[in-house]
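Single-structure report; data block below.
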Amino acid sequence: MEVCSVWHDNETEIDLLGFEPLVDLMLHLVEQPSLLPLTIGVFGDWGSGKSSLMRMAHNRLSIQDRYLCVNFSPWQHENYDDVKAALMAEVLNTLQAGMQEQRGTFGRASDQAREKIKKLFTMLRQRVNWFRLVSFGLKGIGALASWNQGNPAIGVQLAAMTLSDAVEGVNQAEAITKDVLSKEPQAVKSEEPIEQRVGDFRRDFAALLSELDIEALIIFIDDLDRCLPPAILDTLEAIRLFLAVPKTVFVIGADRRIIRHAIATRYPELPGQNEEIGRDYLEKIIQIPVHIPPLTAAETESYLNLLGCHLFTPDRASEFISLADENRRKTALDVVMNYGIAKSKVEPFPDNLAGYMTLVGRIAPILCRELEGNPRQIKRFMNTLFLRQRLAQARAINLDGAILAKLMVLEYFHESSFKQIFQWQRENDGYAFPLRDLETAARRGDGKWPEGLDNWIQDRLTSWLALEPPLADVFLEPYFYFSRDKVLAPMATTRRLSQRLQELLGQLRSESDAQQSNAITEAGELAPEDFRVLYDALLGYFQRDPRADDGRIWQVVSKLAESHREVIPILVQTLKAIPPRSLPPAYVRVLGSIFVREPMPDEVQSLLHYWITQKEQKGLADAAERTLNQLMKVR
4 MEVCSVWHDN ETEIDLLGFE PLVDLMLHLV EQPSLLPLTI GVFGDWGSGK
54 SSLMRMAHNR LSIQDRYLCV NFSPWQHENY DDVKAALMAE VLNTLQAGMQ
104 EQRGTFGRAS DQAREKIKKL FTMLRQRVNW FRLVSFGLKG IGALASWNQG
154 NPAIGVQLAA MTLSDAVEGV NQAEAITKDV LSKEPQAVKS EEPIEQRVGD
204 FRRDFAALLS ELDIEALIIF IDDLDRCLPP AILDTLEAIR LFLAVPKTVF
254 VIGADRRIIR HAIATRYPEL PGQNEEIGRD YLEKIIQIPV HIPPLTAAET
304 ESYLNLLGCH LFTPDRASEF ISLADENRRK TALDVVMNYG IAKSKVEPFP
354 DNLAGYMTLV GRIAPILCRE LEGNPRQIKR FMNTLFLRQR LAQARAINLD
404 GAILAKLMVL EYFHESSFKQ IFQWQRENDG YAFPLRDLET AARRGDGKWP
454 EGLDNWIQDR LTSWLALEPP LADVFLEPYF YFSRDKVLAP MATTRRLSQR
504 LQELLGQLRS ESDAQQSNAI TEAGELAPED FRVLYDALLG YFQRDPRADD
554 GRIWQVVSKL AESHREVIPI LVQTLKAIPP RSLPPAYVRV LGSIFVREPM
604 PDEVQSLLHY WITQKEQKGL ADAAERTLNQ LMKVR
């Protein structure tokens, strides 16, 4: 397979994921006046395609004069501006630009209507400036300036700030205050309560939209889940308090879990209930949820093949996309684009694309399963593969794409097994001969596995072993050269942990005995594949600093191994990779205690022999010898 460029990692308006039905649904909702005001939530994991889906919907709506579309990213404003005011200002800017461009019937409005619209714009902008000023005052950047000019409505905020806070921002405050006072002296000097100002803005905004001859104002809010909780809440409050009036549609793209968590932080006084509050609050804001599901294995194969068409045959990519769209609409095919489908329509067929599609057919099911059908993660995997091939090419090294892809699957998702193959090939001049019996057993499928390699007997690894091509007789040294950051550095799992596993990992490393004990119990109840990923991550921390927290991490690692004997080979491998001088002798006794009532596995005996013969730490050698003698009596 010829090495090519890589794909960008930004949102796109080209539909490679079959989003057309979801876009059609969103447009259908917008076109129902009886539903407005409406808030649509586009929900999906990070990298699922939320931004691309929203961009496709925006493009189809914005070409129609009866709609005005606003794009807003609160993430770009949260560090230097009030998010609520920034959102309101962006909406007004878009409306005013639409009027100046004479979108729809703006150009045919009467002079009287134009004058009324102009007045409403002026009033709304003044109100936005006032809200922004109040926000600065609340943050300690402007209350002093307002107070100095005799404005009690804002000056009272001074009581909530320190003098140093106020002085630090006085220059900025004075500039903002003078600007607002010059434009709206009566409003700012008045003592209208904030609730009245909110209501006035909402009333004037609704009046403005009623004067404008458009059917709907659609506001696309993206990157909300990148924000910190205060900015997330400010954005939702701006929608609820200020902007949700007739003729408005809000389309919010976010990971629902992050938004729920942000809402829950507002109610810390309700332990055990704040997550439910987050869910209920979000359901009140979002009327129509649109969920982007993970890709299936067939969709992953189609997606990767369409990406390949763009990369290898950019001039004809639109033909392949149209063919895939037609297959989605008119056929019951699971895979809407592969080598067989493409070759039947395109002649002559490019050799490099044929090789790429053949490779995709092999690895797509595993990538889909391990990356949980996440398009961005899948694309990044392939980008890494291509970049490694290009690096090798620059050094006049030829890496077979199929072999590299198979090894990278193991590297990404089963790092401890990847390191074991590295050790095998290092001990055998570049060849991982122990793989031969494993690969044969996996293809045979009769359950007869070679002894001493129990850590390979799990569904995901057996699927990998059966994947073409076999590697036992392949010279692997150049492939590991480009992965030396993984095999020579301390272990650190590269697989993206789920939110639950990340939280559990943190609890396992907690200084609280109770929290750590509960986490050990919960970890023991995980599905085998989730437990293995979690344990690999924990071993990564242990290998980097075996003495961390006065040995607490070792206690967790050993307790989990005691209840999950299938990870003992990986634990032994990790212990053997740690310099003996870094291991306290007490760890040997803990390891030995696991096997007091049952025979000691061969790999543990081998590790103890290694510690006995090493010369770096006599205390470790003595402890290993005593433990081995005790355990041999059990055998």
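Residue numbers (the numbering used here): 4 to 638.
Ideal Cβ positions, reconstructed from N, Cα and C, are used throughout, including at glycine.
- Val607 sits in a helix when the DSSP states are folded into three classes.
- When only Cα atoms are considered, Met29 and Leu220 end up about 14 Å apart.
- Within the model, the alpha-carbon separation for Gln576 versus Leu25 is close to 48 Å.
- Three or more Cβ pairs closer than 8 Å define a contact, and the region 203–214 falls short of that threshold against the region 49–67.
- Taking the CA atoms as reference points, Ile235 sits about 31 Å from Ser515.
- Taking one beta carbon from each stretch, the region 350–364 and the region 398–414 have 3 or more pairs nearer than 8 Å; the two touch.
- When the alpha-carbon of Val45 is set against those of Ile255, Thr443, Ala241 and His80, the nearest one is in Ile255.
- Inclusion of Leu90 and Ala241 in the CB contact set at 7 Å is warranted, their separation being smaller than that value.
- Going by beta carbons, Gly21 and Arg331 fall inside the 7 Å limit.
- Here Ala445 is actually not in contact with Leu474; their C-beta atoms are around 12 Å apart, not less than 8 Å.
- When the Cα atoms are used, Gly527 and Arg259 turn out to be separated by approximately 28 Å.
- Between the region 70–85 and the region 95–104, the count of Cβ pairs shorter than 8 Å is three or higher; the stretches touch.
- Around the beta carbon of Asn341, a 10 Å sphere encloses 16 or more other beta carbons of the protein chains shown; the residue is thus reported as buried.
- Annotation for Leu470: Arg365, Ile366, Ile369, Lys409 and Val412 place their beta carbon closer than 8 Å to its own, counting only its chain and skipping 5 residues before and after.
- Less than 7 Å divides the Cβ of Phe253 from the Cβ of Ile222.
- In terms of Cα proximity to His417, the closest of Ile289, Leu542 and Ile197 is Leu542.
- Going by DSSP, Tyr70 is part of no alpha helix (DSSP H) but of the beta strand (DSSP E) stretching over Tyr70 to Phe75.
- Per the C-alpha coordinates, the member of Met57, Lys122 and Asn521 positioned closest to Glu16 is Met57.
- Between Arg282 and Thr465, the alpha-carbon positions lie close to 40 Å from each other.
- Ala219 sits in a strand when the DSSP states are folded into three classes.
- A direct Cα-Cα distance of roughly 5 Å separates Asn377 from Ser51.
- Here Trp78 really is in contact with Asp226; their C-beta atoms are around 4 Å apart, less than 8 Å.
- Pro292 is bridged by DSSP to Gly44.
- Taken atom to atom, the span from the alpha-carbon of Pro583 to that of Trp614 is near 7 Å.
- Put simply, the region 452–459 does not touch the region 384–402. Fewer than three CB pairs are less than 8 Å apart.
- Take Arg269, set aside five residues on each side of it, and the residues of its chain with a beta-carbon closer than 7 Å to its own are Leu236, in chain order.
- Short of 7 Å from the beta carbon of Arg229, and not among the five residues preceding or following it, lie these beta carbons of its own chain, in chain order: Trp78.
- In this structure, Leu309 lies away from Leu507, with their beta-carbon atoms at least 7 Å apart.
- Annotation: Leu441 to Ala522 spans about 34 Å, alpha carbon to alpha carbon.
- Comparing alpha-carbon positions, the option among Gly202, Leu574 and Phe208 lying closest to Ile120 turns out to be Phe208.
- Taken through DSSP and simplified to helix, strand or coil, Phe253 comes out as strand.
- For Ile224, the secondary structure class from DSSP, reduced to helix, strand or coil, is strand.
- Three or more beta-carbon pairs drawn from the region 553–561 and the region 533–542 are found closer than 8 Å, and the two stretches are therefore classed as touching.
- For Thr316, the closest of Pro353, Pro297, Thr616 and Ala624 by C-alpha to C-alpha distance is Pro353.
- Around the beta carbon of Ile289, a 10 Å sphere encloses 16 or more other beta carbons of the protein chains shown; the residue is thus reported as buried.
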